[in-house]
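Visitor: All residue numbers for the sequence shown refer to my numbering, where the first residue is 2 and numbers rise by one.
Submitted below is the structure of interest, expressed as structure tokens.
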Amino acid sequence: MLTMKAQCEHCSSSLPADLDGAFICSFECTFCANCAEDVLGYRCPNCGGVLVERPTRVGDALRRAPAGGAM
Ligand SMILES: [Zn+2]
Ligand SMILES: [Zn+2]
């Protein structure tokens, strides 16, 4: 079962599901944009896969599973 991770696996900075600029590999290892670009060079250190920008969770999905919203 795949869950959306809310943390960079490299620097542990917080990556809420509705935040732009998180990167994932095909195995859903999750990294912040800083690590993906500057540290990892868009290459996943866990599995060697390419890191791509994670689609943000918006609209219906976000209403059903808000990511730390204040409402
Ligand atoms: Zn990071
Ligand atoms: Zn990976």
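The beta-carbon is built from N, C-alpha and C at its ideal position, and this holds for glycine as well.
#1: Please state the DSSP three-state secondary structure of A23.
#2: Would you tell me roughly how many angstroms separate the C-alpha atoms of R44 and P56, rounded to the nearest one?
#3: If you reduce the DSSP assignment to three classes, tell me which class C36 lands in.
#4: Straight-line CA distance for A18 to P46?
#5: Mapping the DSSP letters down to three states, classify R55 as helix, strand or coil.
#6: From M2 to N35, what does the alpha carbon distance come to, in whole angstroms?
Guide: From the atom records:
#1: strand
#2: 18 Å
#3: helix
#4: 22 Å
#5: coil
#6: Its pLDDT being 42, under 50, M2 is placed unreliably in this model, and the value from its coordinates should be taken loosely. Distance between the alpha carbons of M2 and N35 is about 27 Å.
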